[in-house]
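Residue numbers (this note's numbering), protein chains in the order written: chain A, 26 to 458; chain B, 26 to 458. All C-beta atoms, glycine included, are put in the ideal place defined by N, C-alpha and C. Fair warning: this is a prediction, and the values are worked out from it, not measured in the lab.
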């Protein structure tokens, strides 16, 4: 552990914290927490902040509560709360006990917020002064606490009456003011604020509409609780998009990195795969119903996987566009008909192109016009089905509060597989047998 | 246009710029630029900034160069440069001609940078003072230009000798200093900076290692060029992740929204689909080689699409994890064996589970033990193949400078389809026929 810690410390102190995170990630699991425990508190905090949440949680749980608490106390309030929220209940309790009562209380408060609400994204480190204070008093306070305020964003300070937010004060205005002026004469009154329950998308709108670097967060009594910084918001949006990508590829239940235990990784991936295989078997049952058709036109078996794959491709494109339009706010979940109208035209064009391609391949292979028509026609029709379903499913999922990133893919492929198999085999049973 | 403009203006002035963007998006294409042209310049700039780049470009191209230039002059330097870079060459030339020579020159400079380099991400709006200036001179300058500096981040100002960056000055330190002090006595010397060529991932490291809100950008002669803000970086990373998601779903060549013309959307999607269908036909040719096997065991046709789909699912999970580990810097493109070792163990576990499930389904359906063994065994083996390929392909793509987000999916599904079809059909030809 000593040796490991020395290596980590060297990297962290030469500003290569990400490299330190990689080194830690490569250590055997059981050595990680010991190495972190040997680090100076500040370096340990720096490193913990750069790990994936799950890995950070595992390490914190294995440290003694005292060490874990002192590491957490080095972090900003929002990061600290996120980490505590990710621990098992017993560890969280023990570590909070070991923290200073004030910080423990504040952390517990922050843990109660949803991660994607203003309360979950805000930091409580900010500058606030009484509206009756003078410019001179602010200068004195800044001078006195300059070390403590080092990491605080001081572009703006907030002006309060007791706890109630009454104004915002751009710090630059202090330069120009007489030192005896009270803050209520300088401040911008009725500042824009959000409540602790404001959701990510609404926050995005507020930041889109204003060039502020931070927005104050208040409760229903207009009491100042914290500040959401623009970079925290951008960070949360990025995390959201990333998680949507992972979910759409079947990585659900949290981010996976390959240093997690094998069985944990296998179990998580399998939870997704097992749902999919059942849906796949369901879809393939359509083929089973047409065994006679298949045995008389065995060439069809070659085209079934093509139709399944290509419909999936076309449908996934439509899913992706719907996911983006939803998150850009360009479409509301109720606007199914608009999406359908826009998709079906693209689906008709692309379906015809793909159908002709695959139909031609079938025709040239077997010198059978009808085979070409059946296969090409089925792919053409099914492409239109696929883009319609792909475009609309994310809206429906959103409307009924399922997670569209997880559910859209499997629903799409199951329905389009069934429909595609049915189209090609039923057309074949009429036209080819 | 008048009426449209009124509606847009109302929304923009009541801080609902995103709603205005939706309204514009829903207008017939030919009305959009006229409506924007009728807006007050500042409102038009606000709106343009909230559109997707392609839509903004179309509108700017249709406005007169004078109007377009005055709108662009309202925007920050980085946004302006990105928009100009997205225009067709003639429009860009005309609009630059209509801008003030200084701003046109600056914009041209910025356009030369890659979008994901520090030069492409920086803004040139910043505060810089000569190192020999006094605190009083800074106060006077701030007072004089307070309107102009309104949107500038004034947390820090930069200290220069001529153009050369020599220090950074936290503005709060000015409060505490005597007014006659020259800046070189107050400034933090040898500040951390990046060059204009610094890439996104390196910038990410710098911001990860320091809590700065902005980092100065210099050229090779250490001359101050601009500043990259933390929120710009977070924004660029989010855009990157988003584009990876879209590409992995087959939306390539730029973001698609449904108000783009139908043929444009169809053409872009088709460029992806047509590559995929050729790969699909290639993969299905393996089935064609085993027609005799298939016609004697027609039940196999039911399982071919299942094996194809499920291998795709398993492989895509591995692709997603590799993509994330690459972007987190947890893995280098050369570490193929590490990835393979970590994937094959998960693949063996999940392959066995999936194989048993599908094998059991086959056995119960046809009461044929050998069919179950062939189908289940093939899926089990092919799952291991799929996770190996899925895990390694993104690393290979990255290493040979292909875009892993675009190329990984099609390569994965083609290889695993071919391999899966071969496994199940060759095993069947030995054990079942």
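| field | Under the three-state DSSP convention, the category residue 154(B) falls into | value | As a working note, residue 154(B) is residue 129 in the second chain. Of the three classes helix, strand and coil, the one that applies to residue 154(B) here is strand, per DSSP.
| task | Give a yes or no on whether 8 angstroms exceeds the smallest Cβ distance from residue 66(B) to chain A. | result | Here residue 66(B) is taken as the residue at index 41 of the second chain, counted from 1. Chain A contact via Cβ: absent.
| query | Whole-angstrom Cβ separation of residue 184(A) and residue 156(A), contact assumed at under 8 angstroms? | reply | As a first step, residue 184(A) is located in the first chain; it is residue number 159 there, counting from the start. As a first step, residue 156(A) is located in the first chain; it is residue number 131 there, counting from the start. Going by Cβ atoms, the distance from residue 184(A) to residue 156(A) rounds to 5 angstroms, so yes, they are a contact pair.
| Does the region 264-280 of chain B come close enough to the region 304-319 of chain A that 3 or more CB-CB pairs lie under 8 angstroms? | no
| request: Name, going along the chain, the residues of the region 215-227 of chain B whose beta-carbon falls closer than 7 angstroms to a beta-carbon of chain A. | output: none
| query | Closest by CA to residue 373(B), which one among 49(A), 290(A), 329(A), 420(A)? | reply | The count along the second chain starts at 1 and reaches residue 373(B) at position 348. With distances taken between Cα atoms, residue 373(B) lies closest to 290(A).
| request: For residue 142(A), name the three-state secondary structure that DSSP assigns. | output: Start at 1 with the first residue of the first chain, and residue 142(A) comes out as number 117. Note: residue 142(A) maps to strand in three-state DSSP.
| request: Could you check what DSSP says for residue 240(B) in three-state terms: helix, strand or coil? | output: Taking the second chain and counting its residues from 1, the one referred to as residue 240(B) is at position 215. Correct three-state label for residue 240(B): strand.
| message | Under 9 angstroms, CB to CB, which of the residues in the region 368-391 of chain A have a partner in chain B? | response | 368, 370, 371, 372, 373, 374, 375, 378, 379, 382, 383, 386, 390
| said: Just to confirm the assignment, what range does the beta strand (DSSP E) spanning residue 184(A) have? | reply: Indexing the first chain from 1 puts residue 184(A) at position 159. Here the beta strand (DSSP E) through residue 184(A) covers 181-186.
| said: For residue 173(A) and residue 128(A), I'd like the C-alpha separation in whole angstroms. | reply: Taking the first chain and counting its residues from 1, the one referred to as residue 173(A) is at position 148. Taking the first chain and counting its residues from 1, the one referred to as residue 128(A) is at position 103. Near 15 angstroms, if we compare the C-alpha coordinates of residue 128(A) and residue 173(A).
| Hey, out of 458(A), 258(A), 441(A), whose CA is closest to residue 325(A)'s CA? | Within the first chain, the letter at position 300 stands for residue 325(A). Considering only alpha carbons, the answer is 458(A).
| message | Under DSSP, the alpha helix (DSSP H) around residue 400(A) begins and ends at which residues? | response | The count along the first chain starts at 1 and reaches residue 400(A) at position 375. Element bounds for residue 400(A): 394-424.
| task | Using the Cα positions of residue 319(A) and residue 107(B), report the straight-line distance between them to the nearest angstrom. | result | Here residue 319(A) refers to the residue found at position 294 when the first chain is read from its first residue. Here residue 107(B) refers to the residue found at position 82 when the second chain is read from its first residue. Cα to Cα, the separation comes out at about 56 angstroms.
| message | Based on DSSP bridge pairs, tell me the residues matched to residue 214(A). | response | Within the first chain, residue 214(A) is the residue found at index 189, counting from 1. In DSSP, residue 214(A) forms a bridge with 192(A).
| task | Report yes if the C-beta of residue 87(A) is less than 7 angstroms from at least one heavy atom of the ligand NAP; otherwise report no. | result | As for the ligand NAP, it is missing from this structure, which has no ligand bound.
| query | Could you give the distance in angstroms between the alpha-carbon of residue 145(B) and the alpha-carbon of residue 404(B)? | reply | The residue labelled residue 145(B) in the question sits at position 120 within the second chain. The residue labelled residue 404(B) in the question sits at position 379 within the second chain. Cα to Cα, residue 145(B) sits roughly 48 angstroms from residue 404(B).
| Candidates 285(B), 159(B), 35(B), 151(B): which alpha carbon is nearest residue 238(B)'s? | For the purposes of this step, residue 238(B) is taken as the residue at position 213 of the second chain. Of the candidates 285(B), 159(B), 35(B), 151(B), the one whose C-alpha sits nearest the C-alpha of residue 238(B) is 151(B).
| query | In chain order, what residues of the same chain have a beta carbon less than 6 angstroms from the beta carbon of residue 337(A), not counting five sequence neighbours either side? | reply | Position 312 of the first chain, counted from the first residue, corresponds to residue 337(A). If we look at residue 337(A) and ignore the five residues flanking it on each side, its Cβ neighbours are 438.
| query | Can you tell me whether DSSP reads residue 160(B) as helix, strand or coil? | reply | Position 135 of the second chain, counted from the start, is the residue given in the question as residue 160(B). Three-state result, residue 160(B): helix.
| message | So for residue 346(B), helix, strand or coil by DSSP? | response | Within the second chain, the letter at position 321 stands for residue 346(B). Of the three classes helix, strand and coil, the one that applies to residue 346(B) here is helix, per DSSP.
| said: Using a Cβ-Cβ cutoff of 9 angstroms, what residues of the region 319-337 of chain A are near chain B? List them in chain order. | reply: 319, 320, 323, 324, 325, 326, 327, 328, 329, 330, 331, 332, 333, 334, 335, 337
| Distance, residue 77(A) Cα to residue 234(B) Cα | Position 209 of the second chain holds residue 234(B). Position 52 of the first chain holds residue 77(A). Rounded to the nearest angstrom, the two C-alpha atoms are 16 angstroms apart.
| request: Pick out whichever of 446(B), 287(B), 415(B), 281(B) has its Cα sitting closest to the Cα of residue 329(B). | output: Within the second chain, the letter at position 304 stands for residue 329(B). Residue 446(B) is the option with its Cα nearest to residue 329(B).
| In the DSSP assignment, what are the bridge partners of residue 249(A)? | Translated into the one-based positions of the first chain, residue 249(A) becomes position 224. Answer is 243(A).
| task | Could you work out which residues of chain A lie near residue 294(B), taking near to mean beta carbons separated by less than 7 angstroms? | result | As a position in the second chain, residue 294(B) is number 269, starting the count at 1. Under the 7 angstroms cutoff, chain A gives 342, 371, 375.
| task | Just the chain B side, please: which residues come within less than 7 angstroms of residue 43(A) by C-beta, in chain order? | result | Taking the first residue of the first chain as position 1, residue 43(A) is located at position 18. Per Cβ cutoff of 7 angstroms: 230, 233, 354.
| Cβ pair residue 216(A), residue 192(A) closer than 8 angstroms | For the purposes of this step, residue 216(A) is identified with residue 191 of the first chain, where counting begins at 1. For the purposes of this step, residue 192(A) is identified with residue 167 of the first chain, where counting begins at 1. Yes; because the gap between Cβ atoms is below 8 angstroms, this pair is in contact.
| Partners in chain A for residue 262(B), counting only beta-carbon separations shorter than 7 angstroms | Taking the first residue of the second chain as position 1, residue 262(B) is located at position 237. Those within 7 angstroms of residue 262(B) in chain A are 263.
| request: List the residues that DSSP assigns as beta-bridge partners of residue 220(A). | output: What you label residue 220(A) is simply residue 195 of the first chain in a count that begins at 1. DSSP output for residue 220(A) lists 243(A) as bridge partner(s).
| Should the region 53-67 of chain B be regarded as contacting the region 93-107 of chain B, the criterion being three or more beta carbon pairs within less than 8 angstroms? | yes
| Mind checking if residue 200(A) is an interface residue toward chain B, Cβ cutoff 8 angstroms exclusive? | By one-based count along the first chain, residue 200(A) stands at place 175. Yes, residue 200(A) counts as interfacial toward chain B.
| field | Interface positions of the region 436-450 of chain A facing chain B (Cβ-Cβ less than 8 angstroms), listed along the chain | value | 438, 442, 446
| request: Taking residue 435(B) as the reference, give the member of 46(B), 57(B), 274(B) with the closest Cα. | output: The residue you call residue 435(B) lines up with position 410 of the second chain. The candidate whose alpha carbon is nearest that of residue 435(B) is 274(B).
| Interface residues of chain B facing residue 75(A) [CB-CB closer than 7 angstroms] | Here residue 75(A) is taken as the residue at index 50 of the first chain, counted from 1. The contacting residues are 233.
| Quick one: complete alpha helix (DSSP H) runs, 4+ long, within the region 98-140 of chain B? | 102-110, 114-123, 126-136
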